[in-house]
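Residues 137 to 443, numbered by the numbering used here, are exactly what the sequence shown covers, in order.
Each residue gets a CB set at the ideal place from its N, CA and C atoms; glycine is no exception.
All remarks here apply to the structure that follows.
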Amino acid sequence: MSKIAFCFPGQGSLEMGMGRDIAEAFPAAREVYRIGSEVTGLDLERLCFETPLDELVDTELQQPALVATSLAILAAMRERALEADVVVGHSVGEFTALAAAGSLTAAEAIGLVRERGLAMAEAARQRPGAMAAILGLEDEEVEKLCRRIVGVWPANYNCPGQVVVSGELDAIEEACAEAESLGARRAVRLKVSGAFHSPLVARAADHLRPALDRVRFAEPLAPFMSTVTAKVEPAQRLAALLIDQLTAPVRFTQAATELIRSGATTFVEVGPGSVLSGLVKRIDRGVKTISVNGVESLERAQEALAR
Numbered sequence: 137m138s139k140i141a142f143c144f145p146g147q148g149s150l151e152m153g154m155g156r157d158i159a160e161a162f163p164a165a166r167e168v169y170r171i172g173s174e175v176t177g178l179d180l181e182r183l184c185f186e187t188p189l190d191e192l193v194d195t196e197l198q199q200p201a202l203v204a205t206s207l208a209i210l211a212a213m214r215e216r217a218l219e220a221d222v223v224v225g226h227s228v229g230e231f232t233a234l235a236a237a238g239s240l241t242a243a244e245a246i247g248l249v250r251e252r253g254l255a256m257a258e259a260a261r262q263r264p265g266a267m268a269a270i271l272g273l274e275d276e277e278v279e280k281l282c283r284r285i286v287g288v289w290p291a292n293y294n295c296p297g298q299v300v301v302s303g304e305l306d307a308i309e310e311a312c313a314e315a316e317s318l319g320a321r322r323a324v325r326l327k328v329s330g331a332f333h334s335p336l337v338a339r340a341a342d343h344l345r346p347a348l349d350r351v352r353f354a355e356p357l358a359p360f361m362s363t364v365t366a367k368v369e370p371a372q373r374l375a376a377l378l379i380d381q382l383t384a385p386v387r388f389t390q391a392a393t394e395l396i397r398s399g400a401t402t403f404v405e406v407g408p409g410s411v412l413s414g415l416v417k418r419i420d421r422g423v424k425t426i427s428v429n430g431v432e433s434l435e436r437a438q439e440a441l442a443r
């Protein structure tokens, strides 16, 4: 039987005014912003609906804003009886996926990512670093490159031919130059504030662990595909995986490949932008991808999923 996978984006999937039309059209969506604002102490409606994108770059603001918007869109989808057979998230999107699966409440997910963002921002200030996307090399070539250069690690396996590396500033510069000499199509520095998904931000775990310890994870109602392990994971493993995720690479390519192998034929991206839809198409052109990031795209998704 074919399955529908809901996938939830990570940092970088921002849009000006994200979530505004959904919140205006669906009271359940606006309620997500209210709950999120209450637990974080941030005005999430102002951040998402009115704040220029260059002011949302900060990790500690971007993460709760992004997760709240994805959960608001999900709330609207559920009013239209749209549900997933399995869920997956990219980096911070894993918290959204766990809320979608019923392992966390919306308040818990948004509150945790507020703590996560603060923890990661502080870790990045203590040990500065950078990230870069290497385009056009095989995963194995990028891995060998990272083994040769001290202070750089694979951070995101996004799709075949696109691996993000993370590390110390000089090491990233060296990795970009070396990648291009090996035939990479491009090596592009990312607009991020730290070397995320690398050992450089390991101290973030000390900040986040107490917050995770206060949460009781329910067993996922829809299977949760981890992008740390590229396996479906149970409730008792979730807190440890969310700690590991801070320094481990995001294995989105491997997780999506495993979902397709196990019967997922439609991937619905729930949240701002359409980054993950593009990545899934590069992983397997045979699957259907749908992006839901506003009212119009929700209407189109409802029609597409009803066929």
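What's the C-alpha gap between residue i and residue j?
i: Thr363; j: Arg387; result: 5 angstroms
i: Ala315; j: Gln298; result: 12 angstroms
i: Glu279; j: Pro290; result: 7 angstroms
i: Tyr169; j: Ser329; result: 25 angstroms
i: Asp190; j: Arg261; result: 19 angstroms
i: Val337; j: Ala442; result: 44 angstroms
i: Val423; j: Val416; result: 8 angstroms
i: Val431; j: Gly414; result: 20 angstroms
i: Ala266; j: Asp179; result: 29 angstroms
i: Glu276; j: Lys367; result: 21 angstroms
i: Glu274; j: Ala323; result: 13 angstroms
i: Leu254; j: Gly303; result: 19 angstroms
i: Cys282; j: Arg156; result: 41 angstroms
i: Asn292; j: Val300; result: 5 angstroms
i: Glu120; j: Ser317; result: This structure does not reach residue 120, given that the chain is present from 137 up to 443, and the question cannot be answered.
i: Met152; j: Asn429; result: 12 angstroms
i: Phe185; j: Leu197; result: 13 angstroms
i: Arg418; j: Leu412; result: 10 angstroms
i: Gly287; j: Glu258; result: 19 angstroms
i: Val313; j: Leu326; result: According to the sequence displayed, residue 313 carries Ala and not Val. Looking at the two C-alpha atoms, the distance is approximately 15 angstroms.
i: Ala437; j: Ala237; result: 20 angstroms
i: Arg250; j: Leu395; result: 29 angstroms
i: Ser227; j: Leu202; result: 12 angstroms
On the CB-based measure, 16 or more other CB atoms within 10 Å of its CB, does residue i come out buried or exposed?
i: Ser239; result: buried
i: Leu150; result: buried
i: Pro264; result: exposed
i: Leu357; result: exposed
i: Gly177; result: exposed
i: Glu181; result: buried
i: Gly319; result: exposed
i: Glu435; result: exposed
i: Arg350; result: exposed
i: Ala376; result: exposed
i: Glu160; result: exposed
i: Pro370; result: exposed
i: Pro408; result: buried
i: Arg352; result: exposed
i: Arg321; result: exposed
Relative to the C-alpha of residue i, which residue among the options is closest?
i: Leu271; options: Ala307, Glu310, Gln262 and Asn294; result: Asn294
i: Pro359; options: Val328, Leu382, Ala391 and Ala341; result: Ala391
i: Pro188; options: Met154, Ala341, Arg421 and Leu377; result: Met154
i: Ala204; options: Glu174, Val224, Leu344 and Val223; result: Glu174
i: Ala488; options: Leu374, Ala266, Glu432 and Arg325; result: Residue 488 falls outside the range modelled here, since the chain spans only 137 to 443, and no answer is possible.
i: Leu305; options: Ile285, Gly253, Cys184 and Thr393; result: Ile285
i: Ile246; options: Pro200, Pro296, Glu435 and Glu196; result: Pro200
i: Ser334; options: Leu254, Ala384 and Glu258; result: Ala384
i: Phe231; options: Leu248, Ala217 and Ala307; result: Leu248
i: Gly225; options: Leu197, Pro145 and Ala242; result: Pro145
i: Thr241; options: Ala320, Gly319, Gly172 and Glu435; result: Gly172
i: Leu348; options: Gln438, Gln372, Leu326 and Phe332; result: Gln372
i: Ala233; options: Ala268, Ala354, Leu192 and Arg216; result: Ala354
i: Arg421; options: Ala437, Pro296, Glu244 and Arg321; result: Pro296
i: Ala331; options: Arg321, Arg216, Asp194 and Met256; result: Met256
If I follow the unbroken beta strand (DSSP E) through residue i, where does it start and stop?
i: Ile140; result: Lys139 to Phe144
i: Pro356; result: No beta strand (DSSP E) holds Pro356; DSSP gives it neither H nor E.
i: Gly430; result: Note, Gly430: premise wrong, no beta strand (DSSP E); not H, not E.
i: Gly303; result: Gln298 to Gly303
i: Arg325; result: Arg322 to Arg325
i: Phe403; result: Ala400 to Val406
i: Asp225; result: Note that residue 225 corresponds to Gly in the displayed sequence, not to Asp. Start and end: Val222 to Gly225.
i: Pro290; result: Val288 to Cys295
i: Ala268; result: Ala266 to Leu271
Within the continuous alpha helix (DSSP H) that includes residue i, where are the two ends?
i: Gly172; result: Pro163 to Thr176
i: Met154; result: Unbroken run through Met154: none, as it is neither H nor E.
i: Phe332; result: Counting along the chain, Phe332 falls outside any alpha helix (DSSP H), and DSSP gives it neither H nor E.
i: Arg284; result: Asp275 to Arg284
i: Pro461; result: The requested residue 461 does not occur in the structure, where the chain is confined to residues 137 to 443.
i: Arg350; result: Segment: none, Arg350 is in no alpha helix (DSSP H) and carries neither H nor E.
i: Gly414; result: Val411 to Ile419
i: Gly422; result: Per DSSP, Gly422 belongs to no alpha helix (DSSP H) and is neither H nor E.
i: Thr365; result: Element bounds for Thr365: n/a, residue is neither H nor E.
i: Val249; result: Ala242 to Gln262
i: Gly183; result: In the sequence under discussion, the amino acid at residue 183 is Leu, which differs from the Gly named in the question. Unbroken alpha helix (DSSP H) run through Leu183: Leu180 to Phe185.
i: Ala375; result: Leu374 to Asp380
Indicate, with yes or no, if the ligand FAD has a heavy atom lying under 7 angstroms from the CB of residue i.
i: Thr425; result: The model on display carries no ligand, and the ligand FAD is accordingly not part of it.
(message) With three or more beta-carbon pairs closer than 8 angstroms as the criterion, would you say the region 155-171 touches the region 204-217?
(response) yes
(request) Please determine if the region 213-224 and the region 399-408 are in contact, where contact requires at least 3 C-beta pairs separated by less than 8 angstroms. (result) yes
(message) Quick check: the region 341-350 against the region 374-388, are at least 3 beta-carbon pairs closer than 8 angstroms?
(response) yes
(message) When you compare the region 141-149 with the region 403-412, are there three or more beta-carbon pairs, one atom per stretch, that lie closer than 8 angstroms?
(response) yes
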